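Visitor: My numbering numbers the first residue of the sequence shown as 27 and each following residue consecutively.
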Amino acid sequence: MIAAGAAITGTFLGSIVREALKAPDPIEDEPDPLLATPAQDPEHTEVIAADGTPINVVAYGPPDGELMVLVHGWTCNTKYWYPQINTFSDRFRVIAYDQRGHGESPRGKTKLSTDLLGQDLQSVLTSVVPAGRKALIAGHSMGGMTILSWAQQFPDTVSDVARAVVLTSTCSNHLLPNLGLIPLDLPKALSPMEYLTGRLVAGATIHLPRTQMSRKVTQYIALNTTSRKSHVDFCDDMVASCPGRSRGKWGNAMVDLNVSAGLDALVVPTVVVVGCDDKLTPPVHSEQMAKVLQSHGHLEELVMWPGIGHMSSIENSDGYNKLLTDLLQRTA
């Protein structure tokens, strides 16, 4: 039985690799200037989480500028937000932090969980948002789940700290059952294995080498068939830099995700953003979240971008930055 399951899982994974290798190569172009290391040196702050784990926080821009707090996703780090840091830090206070086990934040000794995501965000917000001020809080993928976990656990603080929220390429529950990774030509009999395979892949702790094949797989899973090479290379390097044990342990922590109650607690203007080609958190998630937010009167906008994958705020950084600018103006 185990051997049969392993064989089916291998078939599933092999089909993904084959699909990735068949996909068009990324578009050769000039480097994306928004992905360059910011010219401005960041201010580094070490926020101590509730369990004593130090969280690496970086801040750019004038201390008295309007506040943005940016929360990255699984296998990423603060570099994910370079397009926003490079766009807004001349006039806004842009703050990002490394989720524990990512970037320069250690994993700590506490068992990883989605509750812990929200608790760490609460520690960061308490440290970086001065009393009487509010921040636009944006999260991508696991970062969006972090915001929902925070709102679910600390509902009384949401309206005091957040002026608006952006949930980007994320979901509130049923993460694995709705994956869009299964190739269309795979036998339907293998569809039930998608959940098991997703669980195995999410929890894998193997080192991810940087190779031409890894870039193709990253493009297929996390971006789209018309991606720019500069975007694929940037994302592949970032994902590969995440320690395998952190990646696997966080993957296991998210497989049975349910932070839906956080949607009820988001009592501030909230924008939901997703790429129509997102295979990891397909648009069905965003549509469901938007429906709940709208029922409570807090959906500011549901934005769905054709031809954009999971790394939406990198793939369409101009559109994302305009969205943030407009939201800041509407909530001034």
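Backbone N, C-alpha and C fix where the C-beta goes; we use that ideal spot for every residue, glycine too.
Bear in mind that the values here come from a model prediction, so they are computed numbers and not experimental data.
#1: What are the start and end residues of the alpha helix (DSSP H) that includes residue 144?
#2: If we ignore side chains and look at the alpha-carbon of each, how far apart do residue 32 and residue 321 end up?
#3: Helix, strand or coil for residue 341, going by three-state DSSP, please let me know.
#4: When the distance is taken between beta carbons, is residue 115 closer than 7 Å to residue 87?
#5: In the stretch 59–126, which residue ranges form an unbroken beta strand (DSSP E) of at least 3 residues, counting only runs that do not cross its ends?
#6: Considering only C-alpha positions, which residue in the set 293, 250, 275, 326 is nearest to residue 352?
#7: DSSP three-state call for residue 294: helix, strand or coil?
#8: Using 8 Å as the Cβ pair cut-off and three pairs as the minimum, do the stretch 339–349 and the stretch 306–320 touch?
#9: Pull the bridge partners of residue 165 from the DSSP assignment, please.
#10: Are residue 175 and residue 279 close, meaning C-beta to C-beta below 7 Å?
#11: Would you say the stretch 233–250 touches the stretch 88–99, given that touching needs at least three Cβ pairs under 8 Å?
#12: Can you give the beta carbon distance from residue 285 to residue 329, rounded, assuming they're within the 8 Å contact cut?
#13: Return the first residue and the last residue of the beta strand (DSSP E) that residue 328 is part of.
#14: To which residues does DSSP link residue 53 through a beta bridge?
#15: Can you have a look at residue 247 and say buried or exposed, based on whether 16 or more other CB atoms are within 10 angstroms of its CB?
Guide: This is what the structure gives:
#1: Here residue 144 is taken as the residue at index 118 of the sequence shown, counted from 1. Where residue 144 is concerned, the enclosing alpha helix (DSSP H) stretches over 140–154.
#2: Taking the first residue of the sequence shown as 1, we reach residue 32 at position 6. Taking the first residue of the sequence shown as 1, we reach residue 321 at position 295. Any reading at residue 32 must be qualified, since the residue scores a pLDDT of 49, below 50, and its modelled position is unreliable; the value itself is stated next. Residue 32 and residue 321: Cα-Cα distance of roughly 43 Å.
#3: The residue you call residue 341 lines up with position 315 of the sequence shown. It is helical.
#4: As a first step, residue 87 must be located in the sequence shown, where it is residue number 61. As a first step, residue 115 must be located in the sequence shown, where it is residue number 89. The Cβ atoms of residue 87 and residue 115 lie closer than 7 Å to each other.
#5: Every beta strand (DSSP E) stretch that sits fully inside the stretch 59–126 and reaches 3 residues is listed by chain position as 69–74, 80–86, 93–97, 119–123.
#6: As a working note, residue 352 is residue 326 in the sequence shown. It is 326.
#7: As a working note, residue 294 is residue 268 in the sequence shown. In this structure, residue 294 counts as coil in the three-state DSSP scheme.
#8: Segments in contact, no.
#9: Here residue 165 corresponds to residue number 139 of the sequence shown, with the count starting at 1. The partner list for residue 165 (beta bridge, DSSP) reads 97, 193.
#10: Position 149 of the sequence shown, counted from the first residue, corresponds to residue 175. Position 253 of the sequence shown, counted from the first residue, corresponds to residue 279. Not closer than 7 Å, so no.
#11: no
#12: The count along the sequence shown starts at 1 and reaches residue 285 at position 259. The count along the sequence shown starts at 1 and reaches residue 329 at position 303. The Cβ separation is near 21 Å, so there is no contact.
#13: Walking along the sequence shown from the start, residue 328 turns up at place 302. 325–331 is the span of the beta strand (DSSP E), which, as asked, contains residue 328.
#14: Position 27 of the sequence shown, counting from 1, holds the residue named residue 53. In the DSSP output, where bridge partners are listed per residue, residue 53 has 254.
#15: Taking the first residue of the sequence shown as position 1, residue 247 is located at position 221. Counting C-beta atoms within 10 angstroms of its own C-beta, residue 247 has 16 or more neighbours from the protein chains shown and is therefore classed as buried.
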